[in-house]
Amino acid sequence: MAQFILSSFRGHLTNNATKISFKTSLLRPLLLNNNFSTTTPNNNSIQNITVYGSGLMGAGIVQVAAQNGFKVTMVDIEQAFIEKGKKIIDASLSRIAKKQFKDDENSQKSFIETTWSNIKTETNSEKGAENTDLIIEAIVENLETKQNLFKKLDKISKPNTIFASNTSSLPISEISKITERQDKFAGLHFFNPVPQMKLVEIIKNDQTSEDTYQKLVDVTKRMKKTPVTCKDTPGFIVNRLLVPYLMEAVRLAERGEATTEDIDTAMKLGAGMPMGPFELSDVSLILLSF
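Numbering follows the numbering used here, with no gaps: position 67 of the sequence shown is 833.
Right under this line is the structure:
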């Protein structure tokens, strides 16, 4: 359903951006707070995280986790993809270090080196699943591809390893049903750009245990994110509300009832939005081009 809505919206766009990412949120106060985590985890909390996928979302999740003291493994099918992910992380860390530490080059260097010391990479998917507490999947948005990955990981991961998908549109129940650990499966939907966006949607399947849920809440807070909880419903929270809003903006412009510029201005000044719907779609296209 969510993919159908997105396709419809893309089809309506003409002079504006022709793509809108489900991983881009209208909730975009770009406030950075990237100090290292000072929380001391208990023995039962998650320490080691494996992220499958080294694209924009996967690399961002890896970076944020590593910045906040988690030991993280970034897994992808080819070394070339890994290298691209490392470049994404490196560029982001450099920007954050310069902003956070300004002219203190030693602190900048220490911040970057400490973060990288928490990251390792792997092209062997089975090795990536060894001895990890949490697996976060951030691969292509295709149900069968995600199911195939989790089916394989389910057989080789520790019994207590929690599985999470960063999907923005696919039902968690459909992704998780091929595993034997549906009680340890949930959605963990980050927003783009991950290092800046503070929100994470935690999606509870009907089978998700309270222990799994609480551990994911703990993880997101230790990453300095704000978790919100949603049932396994199409679009979850943000995109369920965002997509109809964007589509109605397009219809308003197509009918000639207002210009795109005036619609953007109205929503910013009248509704307090950080950017208008057409500005948001343009930003989404730029982000998707990287």
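Virtual Cβ for every residue (Gly too), placed ideally from N, Cα, C.
Handout entry: Reduced DSSP secondary structure (H/G/I, E/B, other) of E844
Key = coil
Exercise for the section: State the start and end residues of the unbroken alpha helix (DSSP H) segment that holds N1005. Expected result: 1004 to 1020
Practice task
Can you give me the Cβ contacts of A863 inside the same chain, cut-off strictly under 6 Å, excluding the 5 residues immediately before and after it?
Solution key: If we look at A863 and ignore the five residues flanking it on each side, its Cβ neighbours are Q874, F877, I878.
Problem - DSSP beta-bridge partners of N814 - result: K837
Exercise for the section: May I have the straight-line CA-CA distance separating L900 from G894, to the nearest angstrom? Expected result: 11 Å
Exercise for the section: Keeping to the same chain, check which residues put their C-beta closer than 8 Å to that of T898; ignore five residues upstream and five downstream. Expected result: N814, I815, T816, T839, S923, K924, T927
Practice task
Can you give me the start and stop residues for the alpha helix (DSSP H) that E879 sits inside?
Solution key: 871 to 883
Exercise for the section: Go ahead and pull the three-state DSSP assignment for V966. Expected result: Collapsing the DSSP output to three states places V966 in a strand.
Practice task
Along the alpha helix (DSSP H) that carries G894, what are the first and last residues, could you check?
Solution key: 891 to 894
Handout entry: Neighbourhood of R794 by C-beta, 6 Å cutoff - its chain only, sequence neighbours within 5 removed
Key = Reliability fails at R794, whose pLDDT of 37 lies under 50, so the model's placement of it is uncertain and the value that follows must be treated cautiously. Same-chain partners within the cutoff: P1040.
Practice task
May I have the straight-line CA-CA distance separating G835 from M823, to the nearest angstrom?
Solution key: 19 Å
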